[in-house]
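First residue of the sequence shown: 1, per the UniProt record's numbering; consecutive thereafter. Virtual Cβ for every residue (Gly too), placed ideally from N, Cα, C. This report refers to the structure that appears directly beneath it.
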Amino acid sequence: MDGMDGVEVESCTHCEALVDSRSQIVNGDGPADADVVFVGEAPGANEDAEGVPFVGRSGDVLDGALRDAGLDRADVRITNCVRCRPPDNRDPASEELVNCRPYLDRELELVDPEVVVTLGKVPGEHLLERDVAVTNETGSVERVALGGRERDVLLCLHPAATLYDASQKTAFRETIERAATMAGVSGGQSNLGDF
1 MDGMDGVEVE
11 SCTHCEALVD
21 SRSQIVNGDG
31 PADADVVFVG
41 EAPGANEDAE
51 GVPFVGRSGD
61 VLDGALRDAG
71 LDRADVRITN
81 CVRCRPPDNR
91 DPASEELVNC
101 RPYLDRELEL
111 VDPEVVVTLG
121 KVPGEHLLER
131 DVAVTNETGS
141 VERVALGGRE
151 RDVLLCLHPA
161 ATLYDASQKT
171 AFRETIERAA
181 TMAGVSGGQS
191 NLGDF
C-alpha cells in the first residue's frame, strides 16, 4: 500500500489540516502478531510528541487495566483510527477517518488479531459503521468484516472516561479482562519470562 512499510505508515499527505497540526505520524505500537488490537480515535498532544499511542494519563489507565488482566503493553497492539493529531484535540473529521481507514485495515490484515477492542465512541462508530452508545454498550461484541476477514469487535470505554467518572472503572477493567479471555491470552506472553 502506498506510503506503508508493513504495518507502519511512513508518509501521508491526504489530510491537509492533520499534516499541518502533527509533528509526526503516530503508528501502532506492539507486536505485529498480537492477538488483541486496541483502536483509539487519534493521537493527542502526548502521543504526537512521543510517537506512541496511548501515553500520558489515558495510557497509564490502559496499562493498569492490562496488568489487572494479566497482560502487559508488550502483549498487545495499540493503534488509532487516524494516525495524525487533529488540531486543538478535536475529534477526527469524517473525511480524515475515511482517508486513514486503508492504513488501519491493512494493519489489521497483517497483524490478524483474534479480537479488536475499540477505545471510545469514535472508533466504535467508525469500525461498526453505526451509532454507538459506548457507555451502555461497553463489553458488547459484534462480528464485523475488518482487514480482510470477519473479526470480533469488543466495544470499550475510552480510558479517559475513568478519569472523569470513577464509576466507569469497573466496566472498563472488566472489558479489558474480557478481551484477554476472548483472545485466549490471559497471563500474556510477557509473563512467560525466559521460558
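It is roughly 12 Å from the alpha-carbon of A93 to the alpha-carbon of R85. One Cα belongs to S58, the other to H158, and the distance between them is close to 8 Å.
Apart from sequence neighbours up to five positions away, the residues of its chain that approach V134 with a beta-carbon distance below 7 Å are G120, K121, G124, L155, L157, ordered along the chain.
Our two residues, T138 and A171, have alpha carbons roughly 7 Å apart in a direct line.
Looking at the DSSP output, T79 shares a beta bridge with V39. Put simply, of P113, V153, E41, G30 the residue whose alpha carbon is nearest the alpha carbon of N89 is E41.
Using a 10 angstroms sphere on the CB of R83, the tally of other CB atoms reaches 16 or more, which defines it as buried. The beta carbons of V55 and E47 sit closer together than 8 Å.
If only complete runs of 4 or more residues are kept, the UniProt domain "Uracil-DNA glycosylase-like" (27 to 181) shows the alpha helix (DSSP H) at 45 to 50, 56 to 68, 94 to 111, 121 to 128, 134 to 137, 159 to 164, in order along the chain.
P43 is classed as buried because its beta carbon has at least 16 other beta carbons within 10 Å across all chains shown. Between R22 and the set D68, R67, P87, A65, the nearest pair of CA atoms involves P87.
Contact check for A179 and V115: beta-carbon distance about 5 Å, within the 8 Å limit, so the pair qualifies.
The beta carbon of K169 sits closer than 7 Å to those of T162, all from its chain and outside the five residues before and after it, given in chain order.
Sixteen is the threshold: since fewer than 16 other Cβ atoms of the shown chains lie within 10 Å of the Cβ of T13, the residue is exposed. In the DSSP assignment, V19 falls within the unbroken alpha helix (DSSP H) covering 16 to 21. Rounded to the nearest angstrom, the gap between the Cα atoms of D72 and L18 is 31 Å.
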